[in-house]
């Protein structure tokens, strides 16, 4: 799952059966520092997000499972949550590499 | 499954039904010193993990659905364990390298 910012809406008049009435949003995938990752993408909206909202998105087969009714549709990105608060620790807070030998974490 | 460090929390009041009553955490995958760091991601917590914990994360939908005991869950990444320690052999000791 990943973060994304809603940049706009996409309107399709001709759609695959099962996706009628679905709201499509143009989103920019983001990393934890809210920096863009890759190009803009189109996501199906099931949480009534709007332009400017920071969202949690799910990719692949599970995006179609997020839809309320028909679960077997060609959807590969869905918005599943609207972020109210994002708290991320500073970059160098934790050691993010493992060394040969024993690595104890607790 | 991958090893990762919990580096943040995500609060969502409006979210999909499958995400209710569990926390969303920001996970940074762990790597070797000579590797470039992998991209961070969001995972659903199934183990009461917190910031700073090293966790085992399932990053596949079918495994996630089994972990959550919901055959239709729209979840890909689920934290399924909190890691105490990891042992890595010396690279030179592996006859395949």
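Protein chains in written order, with the numbering used here: chain A, 1 to 106; chain B, 1001 to 1097. By construction, the Cβ of each residue, glycine as well, lies at the ideal position given by its N, Cα and C atoms.
Nearest C-alpha to residue 1041 of chain B among B:1076, B:1022, B:1034, B:1047: B:1076. In terms of beta-carbon proximity, residue 1045 of chain B stays away from the interface with chain A, with every pair separated by 8 Å or more. Secondary structure at residue 1068 of chain B: helix, using DSSP grouped into helix, strand and coil. Annotated three-state conformation of residue 1049 of chain B is coil, per DSSP.
Judged by DSSP secondary structure, residue 63 of chain A falls within the alpha helix (DSSP H) whose first and last residues are 61-65. Per DSSP, reduced to three states, the secondary structure at residue 1087 of chain B is strand. Within the DSSP secondary-structure output, residue 45 of chain A pairs in a beta bridge with A:23, A:79.
Closer than 7 Å at the C-beta level to chain A, one finds these residues of the segment 1018-1029 of chain B: 1019, 1024, 1026, 1028. With contact defined as three or more Cβ pairs closer than 8 Å, the segment 1015-1023 of chain B and the segment 84-102 of chain A are not in contact. Pairing residue 1030 of chain B with residue 1005 of chain B gives a Cβ-Cβ distance under 8 Å.
In the structure shown, residue 1018 of chain B falls within a helical segment according to DSSP collapsed to helix, strand and coil. Residue 5 of chain A is bridged by DSSP to A:28, A:54.
With a cutoff of 8 Å on beta-carbon distance, residue 18 of chain A and residue 70 of chain A are scored as near each other.
When the alpha-carbon of residue 64 of chain A is set against those of B:1034, B:1016, B:1003, the nearest one is in B:1016.
Between residue 61 of chain A and chain B, the shortest Cβ-Cβ separation is below 8 Å. Residue contact with chain A for residue 1079 of chain B: absent (no Cβ-Cβ distance below 8 Å to any residue of chain A). Pairing residue 1045 of chain B with residue 106 of chain A gives a Cβ-Cβ distance that is not under 8 Å.
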